[in-house]
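Same order as they appear, the protein sequences are chains A and B.
Taking the numbering used here, I'd label the letters of the first sequence as residues 4 to 565.
Taking the numbering used here, I'd label the letters of the second sequence as residues 156 to 495.
Quick reminder that beta carbons are idealized off the backbone N, C-alpha and C, glycines included.
Beneath this line is the structure, given in structure tokens, with notes to follow.
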Amino acid sequence: MEGIARRWARRRPLSGTVLAWLIALPVLLPLLLVSASLFAAETEVWVHLREQVLAEVIINTLWLVAGVAVGTALLGTALAWLVATCEFPGRRFFAWALLLPMAVPAYVMAFVLIGQLEYAGPVQTALRAWWGEDAGLLPIRSRGGVMIALVLVLYPYVYLIARNAFTTQGARALEVARSLGLSPWAGFFRVALPLARPWIAAGVMLAMMETLADFGTVAAFNYETFTTAIYKAWYDLQSIEAAMQLSSILVVVVLLVLVLEQLSRRRTRYTGTGAGVPRRFPLRGWHRAVATGLCGLTLMLAFVIPAIQLLFWAAGNLGDLDHRYWGLAGRSVGLAGMTAMLAVTLGLLLAYATRRSTGLWATMGARVATVGYAVPGPVLAVGLSLPLIWVSGWLQAGADWMLGEDAIIIALQGTVLGLVAAYIGRFLAVAHNPVQANLMRVSHTLDDAARGMGLGPLGVISRVHFPLVRGGLLTGAILVFVDVMKEMPITLMLRPFGWETLALRIYEMTAEGHWERAALPAVALVLVGLIPVIMLTRRLDAPSGPSHKPLPQSAREAVHAA
Amino acid sequence: MSVRTTAFVAALTCLMALPPLSQSVFADDGEEVVVYSARQEHLIKPLFDRYEAETGVRVRYTTGDAGQLLQRIASEGRRTRADLLLTVDAGNLWQAADRDLLAPVESAMLEDNIPDHLRDPEGQWSGLSLRVRTMVYHPDRVDPEELSSYADLADERWEGRLCLRSSRKVYNQSLVAILIEEHGAERTEEIVRGWVDNLAADPFSSDTQVMEAILAGQCDVGLVNSYYYGRLLDQDSDLPLEIFWANQDENGVHVNISGGGVTRHAGNPEGARALLEWMSEQEAQAMMGRMNFEYPANPDVAPDPLVSSWGTFKQNDINVRQSGARQREAVMLMDRAGYR
Chain A
4 MEGIARRWAR
14 RRPLSGTVLA
24 WLIALPVLLP
34 LLLVSASLFA
44 AETEVWVHLR
54 EQVLAEVIIN
64 TLWLVAGVAV
74 GTALLGTALA
84 WLVATCEFPG
94 RRFFAWALLL
104 PMAVPAYVMA
114 FVLIGQLEYA
124 GPVQTALRAW
134 WGEDAGLLPI
144 RSRGGVMIAL
154 VLVLYPYVYL
164 IARNAFTTQG
174 ARALEVARSL
184 GLSPWAGFFR
194 VALPLARPWI
204 AAGVMLAMME
214 TLADFGTVAA
224 FNYETFTTAI
234 YKAWYDLQSI
244 EAAMQLSSIL
254 VVVVLLVLVL
264 EQLSRRRTRY
274 TGTGAGVPRR
284 FPLRGWHRAV
294 ATGLCGLTLM
304 LAFVIPAIQL
314 LFWAAGNLGD
324 LDHRYWGLAG
334 RSVGLAGMTA
344 MLAVTLGLLL
354 AYATRRSTGL
364 WATMGARVAT
374 VGYAVPGPVL
384 AVGLSLPLIW
394 VSGWLQAGAD
404 WMLGEDAIII
414 ALQGTVLGLV
424 AAYIGRFLAV
434 AHNPVQANLM
444 RVSHTLDDAA
454 RGMGLGPLGV
464 ISRVHFPLVR
474 GGLLTGAILV
484 FVDVMKEMPI
494 TLMLRPFGWE
504 TLALRIYEMT
514 AEGHWERAAL
524 PAVALVLVGL
534 IPVIMLTRRL
544 DAPSGPSHKP
554 LPQSAREAVH
564 AA
Chain B
156 MSVRTTAFVA
166 ALTCLMALPP
176 LSQSVFADDG
186 EEVVVYSARQ
196 EHLIKPLFDR
206 YEAETGVRVR
216 YTTGDAGQLL
226 QRIASEGRRT
236 RADLLLTVDA
246 GNLWQAADRD
256 LLAPVESAML
266 EDNIPDHLRD
276 PEGQWSGLSL
286 RVRTMVYHPD
296 RVDPEELSSY
306 ADLADERWEG
316 RLCLRSSRKV
326 YNQSLVAILI
336 EEHGAERTEE
346 IVRGWVDNLA
356 ADPFSSDTQV
366 MEAILAGQCD
376 VGLVNSYYYG
386 RLLDQDSDLP
396 LEIFWANQDE
406 NGVHVNISGG
416 GVTRHAGNPE
426 GARALLEWMS
436 EQEAQAMMGR
446 MNFEYPANPD
456 VAPDPLVSSW
466 GTFKQNDINV
476 RQSGARQREA
486 VMLMDRAGYR
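And the structure:
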């Protein structure tokens, strides 16, 4: 018995590494195939891109990613802190309402903002009517405009993950800080914020990766980034090789950033200091007004005003609403739900894999598995369709051999299976980041203590780990769910015949500039996406706190001792 | 989430996923044509419904972006399910033929119905509807006497008065490709630079925005596809914008096509050809024109009355394949000229 246990212990690092790389497969395979084209350099297009396009798109992309990172970090963290640890009028409402913008696809936010604030839009027209020709606002179709659009829809990623961190951070650290004489303000900057850093970083990282992969928003603003350069190389300059070369550069850069970020906090441990929900700090006087005002203003800009605009447009096109919308909504929800569950499961496995094996290879495997989020969807879809076709070919050959003439026709490309595999390749990071951030806080001594209490490995997972990472799992599931609902290019390329989703309906309408007609499916998408988000977040916000099954008493003491 | 809710959601999603998983397993009886279409669903579905009703042949289709559909056909290779490819730009069709994705079709009917310059000389694809890219202006600020050719919009007197859509849009790439064909690369680059210098605002992401900018007074004249003008006019018959046919004193106004071709590895090439031929005939042509205010490619079919009211024009009869052949050159030229 002991022999087996020891052998198991010795094999652990390897099995974790293997697991991480196995999970990385749906991203690894396409990216490998895609970067194989690196060696098929096509000089004419490549030279053109280098001389005419690259410098501008790199500068544009850096500006955009930096702006979105700073914007989402500030806004998301501030809101999360207020809602998680302070008491002010409307807090309970804002706790879930601030997530609403997450259901608004970035490309929808883009066309709403442009529609409203463009020179020809209602706001500027009204301003000119009052003050004459000089009364123009700053142009919305600008670098700042793209940043605003993306920050408004991406801050919830930081907000959701950071709020989860602040609520589960444990009251004790803050109480200790206060008992040592720190003001709440200093307690935030010197204790809570440093403790929440990995969570905030996880959220900001998601927002940054989303920005790198975004196409719809920047296209609406006609703002050229690395992604538009990839599209340009591929579709306009008809060189898939150049497109893939650009993609592989993007992937390498993202991997570097991810590994650096990982290394920067390598020696830090973020184990929990008790799972109690901190008592909220009641705000007084003008602080209350500021808190409510900030939450309210964010919600207005990021959700209420766009929603009103969309409803207004949709009302003009109610004729499009027919029974098919049930199917559209059903398929969107089905795909999103299925992917969310699979992705969270894989994300958890991945988090375990890197918990057991901390070597460079395992870390790299986990990083590769999650890099798909920064890769534009079509690149991933093309890379994945090749292996799908091969596998179908092999299966088909087998079927032909067994059944002869009557052989069924197998084609995995264009099935839900292939579609979900591609989604997972793209969105695994979204599921993995919050789970990993939570699991990181479970100290290894807790495992040992629980084992010492006589719990088996499964018991440790179900009774100790699961309650502690539950918040992270839920967060990850919500994020993936909403992301899949909004996803467009992969669905467009890999879906089964005759399959349409709400996001595709929006694409069909916007592709030729029917913005008003895109409003109806956009409203439907937001509504359908919101219901599960609200249901789930209410549970997350439930007063019972993150753990619902009590730990063995001594295990709990062991946590505190750690 | 409790275990029971999780199980319920899991079961539900699996059920939803079932039909498409089994779709390929149960083969359908009767003839079937599979279409990959870059023409949008609401602009083709009525046609397919009509065809099914008339012939009993089932049309299955998937829609998508032209570039992505080409990629899909290429990567599916011999196993592609597509019989027919429909796209909305001559450049895309040329590219499909260039990448060896289409098979030549011999059809007397297509040759009769569709003019030569709207078809591939090798018969790999055929135009089905005509998209005219021309000028729209505000009559209060522009005298139609001032307007003439695409090249003239590069003249200084249009400084701060011109609005354009993004150079990323294939319609502009095709227009510039044809300009290169006619004027040569050097002169065309001058023209495009002139346009950029005359812009009143950064290029827009849609033709409709271009017209809205003219309406709002941001600029006086812009280049759009005529059916976008038709759509606005259809919503508001008092629209104070006018359309102008460009290059009438030269080779004629620039036309583009939506069209289609039979795929090289089609499982049902005969069925695909029959559908393509049917689409070039009176009834389908009239439907296509009516649905989107485009011009029928078949010259014997009259356009929608609203479209007819804009008068007749001379169209450029350079074979539209040139816009594909020169697309890459056009894109590079626009990049160099600073046209974003």
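Closer than 8 Å to chain A by CB, residue i
i: Asp490(B); result: yes
i: Gln223(B); result: yes
i: Gly466(B); result: no
i: Arg316(B); result: no
i: Pro299(B); result: no
i: Ser435(B); result: no
i: Gln178(B); result: Residue placement at Gln178(B) cannot be trusted, given a pLDDT of 41 that sits under 50; what the coordinates show is reported in the next sentence. Interface residue, yes.
i: Ser321(B); result: yes
i: Thr289(B); result: no
i: Ala172(B); result: Note that Ala172(B) scores a pLDDT of 46, beneath 50, so its modelled location is shaky and nothing firm can be said.
i: Arg419(B); result: no
i: Arg296(B); result: no
i: Gln250(B); result: yes
Simplified DSSP assignment, three categories, for residue i
i: Ala492(B); result: coil
i: Ser192(B); result: strand
i: Val147(B); result: Only positions 156 to 495 of chain B appear in the structure, and residue 147(B) is not among them; the question remains open.
i: Ser413(B); result: strand
i: Gly339(B); result: coil
i: Phe306(A); result: helix
i: Gly377(B); result: strand
i: Ile333(B); result: helix
i: Met264(B); result: helix
i: Pro285(A); result: strand
i: Tyr292(B); result: strand
i: Ser392(B); result: coil
i: Val243(B); result: coil
i: Leu176(B); result: Residue placement at Leu176(B) is poorly supported in this model, since its pLDDT is 41, which falls under 50; the coordinates still yield a value, given next. Looking at Leu176(B) - three-state DSSP - the assignment turns out to be helix.
i: Glu345(B); result: helix
Proximal chain B residues relative to residue i, where beta-carbon distance stays under 9 Å
i: Val56(A); result: Asp490
i: Pro381(A); result: Asp220, Gly222, Gln223 and Gln226
i: Arg144(A); result: Ala356, Asp357, Phe359 and Ser360
Contacts that residue i makes with chain A (C-beta to C-beta distance below 8 Å)
i: Val486(B); result: Lys235, Asp239 and Leu240
Chain B within 8 Å of residue i, Cβ atoms only
i: Gly19(A); result: no
i: Ser335(A); result: no
i: Gly516(A); result: yes
i: Ile534(A); result: no
i: Gln312(A); result: no
i: Thr64(A); result: no
i: Gln398(A); result: Note that residue 398(A) corresponds to Leu in the displayed sequence, not to Gln. Closer than 8 Å: no.
i: Thr624(A); result: This structure cannot speak to residue 624(A), because chain A is shown only from 4 to 565.
i: Ile537(A); result: no
Contacts that residue i makes with chain B (C-beta to C-beta distance below 8 Å)
i: Tyr122(A); result: Ala356, Ala368, Ala371 and Gln373
i: His51(A); result: Met487 and Asp490
i: Leu227(A); result: Checking the sequence shown, residue 227(A) turns out to be Glu, not Leu. Residues of chain B passing the Cβ test: Arg495.
i: Ala223(A); result: Ser360
Closer than 8 Å to chain E by CB, residue i
i: Glu244(A); result: Protein chains A and B are contained in the structure displayed, whereas chain E is not.
Chain B residues whose Cβ lies nearer than 7 Å to that of residue i
i: Ser38(A); result: Those within 7 Å of Ser38(A) in chain B number zero; the least Cβ separation is about 16 Å.
Mind checking the stretch 360–385 of chain B against chain A and listing, in chain order, the residues whose C-beta falls within less than 8 Å of any C-beta there?
So the list reads Ser360, Ser361, Asp362, Thr363, Gln364, Glu367, Ala368, Leu370, Ala371, Gln373 and Tyr383, given in the order they occur along the chain.
Which residues, in chain order, does the stretch 436–447 of chain A contribute to contact with chain B at a C-beta distance below 7 Å?
The stretch 436–447 of chain A vs chain B, Cβ under 7 Å: nothing.
Under 8 Å (Cβ pairs) to chain A, residues found in the stretch 335–360 of chain B:
Hits within the stretch, in order: Ala356, Asp357, Pro358, Phe359 and Ser360.
Going along the chain, which residues of the stretch 452–479 of chain A sit with their C-beta nearer than 8 Å to a C-beta in chain B?
Correct list: Leu477.
Looking at chain B, which residues of the stretch 350–366 of chain A have a Cβ within less than 9 Å of any of its Cβ atoms?
For the stretch 350–366 of chain A, no residue has a beta-carbon sitting nearer than 9 Å to a beta-carbon of chain B.
Between the stretch 481–512 of chain A and chain B, which residues of the former have CB atoms less than 9 Å from a CB of the latter, in chain order?
Per Cβ criterion, the list reads Pro492, Leu495, Met496, Leu497, Arg498, Pro499, Phe500, Gly501, Trp502, Glu503, Leu507, Arg508, Tyr510, Glu511 and Met512.
When you check each C-beta in the stretch 438–466 of chain B against every C-beta of chain A, which residues fall closer than 8 Å?
Against chain A - using a Cβ distance shorter than 8 Å - the stretch 438–466 of chain B contributes no residues.
Taking beta-carbon pairs under 8 Å, can you tell me which members of the stretch 227–247 of chain B lie near chain A?
The stretch 227–247 of chain B vs chain A, Cβ under 8 Å: Arg227, Ser230, Glu231, Gly232, Arg234 and Arg236.
Where in the stretch 18–68 of chain A do unbroken runs of the alpha helix (DSSP H), each at least 4 residues long, occur, reported from the N-terminal end onward?
Counting only runs of 4 or more, we get 28–38 and 46–51.
Mind checking the stretch 472–483 of chain B against chain A and listing, in chain order, the residues whose C-beta falls within less than 8 Å of any C-beta there?
Gln482 and Arg483: these are the residues of the stretch 472–483 of chain B whose beta carbon lies less than 8 Å from some beta carbon of chain A, given in chain order.
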